[in-house]
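Report on the structure given below.
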Amino acid sequence: MRNNYPFQFILFVFVFALFAKAEQRPNFVFIFADDFGYGDLASYGHPYVKSPNIDKLASQGRRFTQAYAAGATCNPSRTGIMTGISNARFEKRTDDFDFGDKITVTELLKKSGYATGHFGKWHIGMDRSNGVYGIDVNDSGGIPVRDSPKGRDTPIFDAAIDFIKQHKDKPFYVNIWGFTTHSPVISAQNYLDEFKDLKVDKSLFSNYMQPVFEDSVLIGGNLDENMRHYLGNVYAFDQNVKSVMDVLDELGLAENTIVVFSSDQGPQRPNGIGMDAAGPKSRNKIRKSRDGEIKKRKIVEKNMLGDTGPFKGNKGTCYDGGVRIPFIIRWPGKVKANYIDQENVISGLDWLPSVCRLVGIEKMPENIDGEDVSKVWLGDNYKREKPLFWQNNPGLGMRKGKWKYYLVLDKKRKIVGEELYDILNDPAEDENLSAQNPEIAKKLKQRLLAWKATLPKKVAKTGKYRHKYE
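Sequential numbering from 24 applies to the sequence shown in our numbering.
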């Protein structure tokens with residue numbers, strides 16, 4: 024009788040190797056804050072904020088200083104994360120409608136054997152049912168109590184933790200998309216007490232933040248108190264992050280779980296509009312509408328004191344204060360610990376292709392705008408091939424190499440000016456270099472106009488999408 028043991032042994036080894044490879048695929052926990060400023064963490068330079076747990080995450084992983092949002096406002100940013108495609112290229116608003124035939128990161132992972140969950144803010148379509156976009160469990164309908172002494176986003180994190188516990192024995196992907204620090208921002212007394220002795224020294228903040236402070240006072244209230252409310256929200260969110268990190272440790276999942284913390288875009292201004300890069304223009308709007316509008320907003324909007332770090336601009340602008348975001352990634356043993364990446368430019372658009380590469384998904388969706396930066400996450404440097412584009416105030420913006428370039432548009436979307444900044448040497452975008460560098464400006468203008476030409480002339484919308492924050 025022929026001895027079959029060698030064949031059986033080889034088959035066993037082969038099957039075991041496949042099983043082991045599948046088991047080694049990482050889990051993903053993507054923690055997304057809302058309207059959270061680049062400078063809103065101690066590890067990113069805030070003088071007062073208490074963020075020990077997110078800072079610990081940064082010390083255990085890689086912290087990027089040149090990370091960019093996929094869009095300048097909530098829906099465009101989230102669309103880019105999920106699809107790898109700029110929201111500006113969609114012919115229908117992706118909050119009022121959906122992603123059409125575009126493939127999402129969760130669909131790809133679901134097909135690859137992952138359990139998928141989404142918890143918290145949605146803003147990417149009308150359909151919130153389980154199964155949409157390949158999401159097994161979609162818990163995005165509840166609205167947390169904004170001034171809860173347990174923390175505004177605690178119900179979101181608790182539900183995500185339950186999902187992690189239920190799927191601890193197979194690969195999982197989970198979005199934890201909080202409402203912090205989107206307005207309205209009010210903190211419960213226990214979080215205010217963490218900052219009871221706070222006195223704001225405005226000199227510790229950038230020039231851009233000075234009119235933000237003036238707006239806060241103009242709307243109403245005391246700046247110190249307003250800041251305490253904002254910092255209380257951040258601190259509560261930080262405690263939520265700790266709850267997730269703790270459960271990963273308890274379940275023995277930390278070593279094989281990629282945890283990311285980031286923000287959808289820059290912070291909103293205290294006036295509740297949040298669309299002006301120029302402080303004086305914004306304050307004039309407040310003065311012109313002091314009557315009923317300000318009375319309605321002053322209780323909540325005065326606390327919008329998100330810090331843009333050294334950058335100008337805010338949510339709704341293409342300036343770096345509007346699109347430069349914190350990005351921290353931890354994967355023990357794979358991502359270098361306590362490393363500050365100041366070289367590599369990454370974007371929310373890169374999330375889908377990078378996650379898929381780490382999972383082993385070879386067939387990517389075609390014609391996406393993001394790039395695979397998984398090697399950057401793991402420690403390599405690379406030169407970004409595609410420019411980054413945004414469409415919002417002051418018009419159209421792009422980042423290519425060290426340059427930030429803008430075409431300034433009027434209300435009729437006609438070009439009325441251009442701006443060029445050396446973003447590496449002038450992070451505040453103070454000195455417009457377009458006149459001094461006409462050839463560079465010309466080339467970038469051509470590139471930006473070429474991108475503009477690919478965008479739909481009209482975008483369908485219904486205005487039916489609604490979400491609440493309180």
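Ideal placement from N, C-alpha and C gives every residue a C-beta, glycine not left out. All figures in this text were calculated on a predicted structure; none of them were measured in a lab.
query, result
"Could you tell me the alpha carbon to alpha carbon distance between asparagine 50 and leucine 131, rounded to whole angstroms?", "14 Å"
"Since tyrosine 196 and tyrosine 137 should fall inside the 8 Å C-beta cutoff, what is the C-beta to C-beta distance between them, to a whole number of angstroms?", "5 Å"
"Over the uninterrupted alpha helix (DSSP H) stretch that includes asparagine 76, give me the two end residues.", "75-82"
"In the DSSP output, what is phenylalanine 113 paired with across the bridge?", "Answer is none; phenylalanine 113 lacks a bridge partner."
"Please check the pair methionine 105 and threonine 88, which I expect to be a contact at CB under 8 Å, by giving their CB distance rounded to whole angstroms.", "With 8 Å as the limit, methionine 105 and threonine 88 do not qualify as a contact, their Cβ atoms being about 25 Å apart."
"Name the residue from Lys133, Ser135, Gly107 and Thr102 whose alpha carbon lies nearest to the alpha carbon of aspartate 119.", "Thr102"
"So, glutamate 394 versus proline 410, is the Cβ gap smaller than 8 Å?", "no"
"Measuring straight from C-alpha to C-alpha, what distance separates phenylalanine 11 and tryptophan 145?", "It is not possible to answer for residue 11, since the shown part of the chain is limited to 24 through 493."
"Tell me where the beta strand (DSSP E) around aspartate 364 begins and ends.", "362-364"
"Hey, how far is the Cα of lysine 386 from the Cα of serine 109?", "20 Å"
"Would you mind stating whether threonine 139 and glycine 164 have Cβ atoms separated by less than 8 Å?", "no"
"In the DSSP output, which residue or residues are listed as bridge partners for threonine 139?", "Tyr196"
"Are the beta-carbon atoms belonging to serine 135 and alanine 360 less than 8 Å from one another?", "no"
"Whole-angstrom Cβ separation of isoleucine 179 and phenylalanine 142, contact assumed at under 8 Å?", "5 Å"
"Please return the same chain residues whose Cβ sits closer than 7 Å to the Cβ of valine 190, not counting the five positions on each side in sequence.", "The displayed chain sequence assigns histidine, not valine, to residue 190. Excluding positions up to five away in sequence, the list reads Ala138."
"Is it buried or exposed for lysine 481, if we count other Cβ within 10 angstroms and need 16 for buried?", "exposed"
"Could you spell out the range, first to last residue, of the alpha helix (DSSP H) harbouring tyrosine 214?", "212-215"
"Excluding the five sequence neighbours on either side, which residues of its own chain have a C-beta within less than 8 Å of the C-beta of phenylalanine 122, listed in chain order?", "Thr102, Met105, Thr106, Phe113, Ile147, Gly148 and Tyr156"
"On the three-state DSSP scale, how would you describe alanine 45?", "Confidence in alanine 45 is poor, its pLDDT being 46 and thus under 50, which makes the residue's placement too unreliable to answer from."
"So serine 495 is in the beta strand (DSSP E); what residue range does that whole segment cover?", "One cannot answer for residue 495 here, as it falls past the ends of the chain, which runs 24 to 493."
"Give me, in chain order, the residues of the same chain whose beta-carbon lies closer than 7 Å to that of arginine 25; leave out the 5 immediate sequence neighbours on both sides.", "Summary for arginine 25: the model assigns pLDDT 41, below 50, so the residue's position carries little reliability, and this model does not support an answer."
"How would you call arginine 494, buried or exposed, if buried means at least 16 neighbouring beta carbons within 10 angstroms?", "Residue coverage of the chain in this structure runs from 24 to 493, which leaves residue 494 outside it and unanswerable."
"Which partner residues of tryptophan 426 appear in the DSSP bridge assignment?", "Lys423 and Asp445"
"According to DSSP, is alanine 65 helix, strand or coil?", "helix"
"DSSP beta-bridge partners for isoleucine 384?", "Looking at the DSSP assignment, isoleucine 384 forms no beta bridge with any residue, so it has no partner."
"Cα-Cα, which of Arg48, Gln47 and Ile54 is closest to serine 285?", "Ile54"
"Of the residues Asp269, Asp373, Glu441 and Lys73, which one's Cα is nearest the Cα of proline 388?", "Asp373"
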